[in-house]
Amino acid sequence: MHWDYRLARQAFRNIERFPRKEQERIFAVLEEMKINPFAGDIKLMQGEENVYRRRTGNYRIYFRPNTLQHIFDISLIERKQSH
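Heads up: the sequence shown begins at 2 in our numbering, then just goes up one per residue.
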């Protein structure tokens with residue numbers, strides 16, 4: 002069964018600020034996640050309940066899966082800042 006996703010307003014606003022090529026890359030990853038949101042570089046976030054992070058290049062997608070409805074809510078998409 003395929004999944005669907007919902008973008009939080011903040012996640013969508015962040016995507017709009019990214020370069021067009023990176024936007025396309027992120028949306029391609031989101032389409033891949035519709036098949037299996039747990040494939041790829043996924044990590045369960047410590048200190049958060051049921052929040053995962055998917056790494057795609059320099060960007061991070063934070064999401065919370067709802068296994069009953071097969072929807073994952075994307076709370077944030079951000080560029081990884083180097084320290």
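Cβ coordinates follow ideal geometry from the N, Cα and C atoms, glycine included.
Helix, strand or coil at residue i [DSSP, three-state]
{"i": "L31", "result": "helix"}
{"i": "F13", "result": "helix"}
Endpoints, the beta strand (DSSP E) within which residue i is located
{"i": "E49", "result": "Taken as a continuous stretch (DSSP letters only), E49 belongs to no beta strand (DSSP E), as it is neither H nor E."}
{"i": "L77", "result": "I72 to R80"}
{"i": "F64", "result": "Y60 to N67"}
Member of the options whose CA lies at the smallest distance from the CA of residue i
{"i": "W4", "options": "Y63, M34 and Y53", "result": "M34"}
{"i": "E79", "options": "N67, Q70 and R56", "result": "R56"}
{"i": "Y63", "options": "I36, N51, A29 and E25", "result": "N51"}
{"i": "A2", "options": "Q82, Q11, D74 and T68", "result": "For the record, residue 2 in the displayed sequence is Met; it is not Ala. Ranking the options by Cα distance to M2, first place goes to T68."}
First through last residue of the alpha helix (DSSP H) which encompasses residue i
{"i": "F39", "result": "Run containing F39: none; DSSP gives neither H nor E here."}
8 Å contact criterion, which residue i and residue j should meet: CB distance rounded
{"i": "I27", "j": "Y60", "result": "6 Å"}
{"i": "A12", "j": "I72", "result": "With 8 Å as the limit, A12 and I72 do not qualify as a contact, their Cβ atoms being about 14 Å apart."}
Sheet register partners of residue i (DSSP bridge)
{"i": "K44", "result": "R54"}
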